[in-house]
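Visitor:
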Amino acid sequence: MLRTGIVARTIIYAILIVYMILIITPFLMIFMNSFKSLREIFLRPFSPPSRFTFENYIKAWKKANLTNAFLNSAIVSFASVAGILLVSSMLAYAISRYEFPLRRFLYIYVIAGLALPARLAIIPIYVILQKINLLDTRLGLITIYVSTGIAFATFLLKNFMDDIPVEIEESARMDGATPWTIFTKIDLPLIRPALVVVGIVNFVGIWNDFFFPLIIINSRGKETIPLAISIFFGEYSNQWQLISAALSMSVLPIMITFFILSRYFIVGMTQGAIK
4 MLRTGIVART IIYAILIVYM ILIITPFLMI FMNSFKSLRE IFLRPFSPPS RFTFENYIKA
64 WKKANLTNAF LNSAIVSFAS VAGILLVSSM LAYAISRYEF PLRRFLYIYV IAGLALPARL
124 AIIPIYVILQ KINLLDTRLG LITIYVSTGI AFATFLLKNF MDDIPVEIEE SARMDGATPW
184 TIFTKIDLPL IRPALVVVGI VNFVGIWNDF FFPLIIINSR GKETIPLAIS IFFGEYSNQW
244 QLISAALSMS VLPIMITFFI LSRYFIVGMT QGAIK
């Protein structure tokens with residue numbers, strides 16, 4: 004029995020190592036090629052660069068107009084995540100803690116959004132944004148991301164709030180705490196890992212999204228990072244060293260965000276898996 008367990012663990016670890024190599028290798032190659040010249044990429048695509056220089060990064064930053072792209076992506080991503088967390092946390096609190104007519108229907112209606120990809124509704128979304136003059140605007144993108152991110156966030160946060168003992172809130176009410184105080188001072192700190200999971204998942208998805216900016220944004224200077232890199236690739240498709248540098252810079256904010264919040268993210272994912 005013990006030997007069978009060791010063999011099973013060995014197989015699992017081997018599969019995980021192979022999977023890790025498959026995931027890391029493309030990113031590592033892009034990062035190494037971002038420091039090479041074009042000639043060196045073709046001669047030694049899998050070897051480390053002969054010297055480390057940020058010349059490719061400077062050129063890619065200027066030619067791809069990444070200053071505006073980073074600013075647009077940052078505004079859209081952070082504003083969207085803030086909106087998702089604000090709306091979904093209050094909605095989850097109301098569904099979890101209050102009895103009101105159509106409460107169950109509201110929860111099912113929200114959860115139904117998980118089964119309906121937003122891209123299937125791109126035509127009505129486009130028409131609505133056109134009628135309210137939000138096409139080709141950052142606010143239009145934020146509106147889409149907030150409305151499409153609420154379902155998953157509400158589902159996750161509601162499950163976490165259900166596990167908070169009601170006695171804690173009753174004690175706070177006896178001390179004169181208002182519902183808003185209970186929500187902000189007691190419940191939100193207790194579900195912090197879930198909030199981090201919602202924030203990171205949505206931030207990564209919004210930062211990397213190419214579909215909605217491609218449809219909604221039409222003007223130069225308003226592109227997000229994926230759209231700007233796509234345009235840059237079309238103009239400099241043979242300059243692989245510059246493309247590698249642009250791609251390396253585009254994933255940097257995601258890596259920084261994850262490393263800062265990784266502890267809460269792992270806790271939130273672990274707790275969410277057993278609910």
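Numbering of the sequence shown is given in the numbering used here, commencing with residue 4 and proceeding in unit increments.
All C-beta atoms in this analysis are idealised placements derived from N, C-alpha and C, irrespective of residue type, glycine included.
Just the C-alpha distance for threonine 232 and threonine 70, rounded to the nearest angstrom, thanks.
Guide: Here residue 232 is isoleucine; the residue named in the question, threonine, does not match the sequence. If I take the Cα positions, the gap works out to 12 Å.
Visitor: So what's glutamine 133 in DSSP terms, helix, strand or just coil?
Guide: If DSSP states are grouped into helix, strand and coil, glutamine 133 belongs with the helices.
Visitor: Between which two residues does the alpha helix (DSSP H) containing aspartate 165 stretch?
Guide: 141-165 is the span of the alpha helix (DSSP H), which, as asked, contains aspartate 165.
Visitor: In or out: aspartate 212 buried (at least 16 other Cβ within 10 Å) or exposed?
Guide: buried
Visitor: Provide the residue span of the alpha helix (DSSP H) that contains tyrosine 112, from first to last.
Guide: 106-114
Visitor: Whole angstroms are fine: how far does the CA of arginine 195 sit from the CA of valine 205?
Guide: The residue asked about is misnamed: residue 205 is asparagine in this sequence, not valine. Taking the straight line from one Cα to the other gives about 15 Å.
Visitor: Buried or exposed, going by whether 16 or more other CB atoms sit within 10 Å of the CB of asparagine 281?
Guide: One cannot answer for residue 281 here, as it falls past the ends of the chain, which runs 4 to 278.
Visitor: In angstroms, rounded to a whole number, what distance separates the CA positions of isoleucine 9 and alanine 197?
Guide: Those two C-alpha atoms are separated by around 34 Å.
Visitor: Could you check the C-alpha separation between threonine 28 and alanine 82 for me, to the nearest Å?
Guide: So the alpha carbons of these two residues sit roughly 33 Å apart.
Visitor: Less than 9 Å between the beta carbons of phenylalanine 261 and valine 200, yes or no?
Guide: no
Visitor: If you draw a straight line from the alpha carbon of isoleucine 15 to that of phenylalanine 108, how long is it in whole angstroms?
Guide: 42 Å
Visitor: Can the beta-carbon of isoleucine 98 be found closer than 9 Å to that of lysine 188?
Guide: no
Visitor: Count the other C-beta atoms from every protein chain shown that fall within 10 angstroms of the C-beta of aspartate 190, then say buried if there are 16 or more, exposed otherwise.
Guide: buried
Visitor: According to the neighbour-count rule (16 or more other Cβ atoms, all chains shown, within 10 Å of its Cβ), is leucine 283 buried or exposed?
Guide: Shown here, the chain extends from 4 to 278; a query on residue 283 therefore has no answer.
Visitor: Could you give the DSSP three-state label for alanine 276: helix, strand or coil?
Guide: Reliability fails at alanine 276, whose pLDDT of 46 lies under 50, so the model's placement of it is uncertain and no value is given.
Visitor: Have a look at Thr227, Asp166, Val84, Phe30 and flag the residue whose alpha-carbon is nearest the alpha-carbon of leucine 193.
Guide: Asp166
Visitor: Give the C-beta separation of serine 247 and asparagine 36 to the nearest angstrom, bearing in mind that I take them to be a contact with Cβ-Cβ under 8 Å.
Guide: 4 Å
Visitor: Grouping DSSP H, G and I as helix and E and B as strand, with all else coil, what is arginine 195?
Guide: helix
Visitor: If we ignore side chains and look at the alpha-carbon of each, how far apart do leucine 159 and serine 174 end up?
Guide: 25 Å
Visitor: Taking Cβ to Cβ, would you say phenylalanine 220 is nearer than 9 Å to aspartate 139?
Guide: Note on identity: in this sequence residue 220 is isoleucine, with phenylalanine being the wrong assignment. Yes, the Cβ-Cβ distance between isoleucine 220 and aspartate 139 is below 9 Å.
Visitor: Looking at methionine 164: is its Cβ nearer than 9 Å to the Cβ of tyrosine 101?
Guide: no
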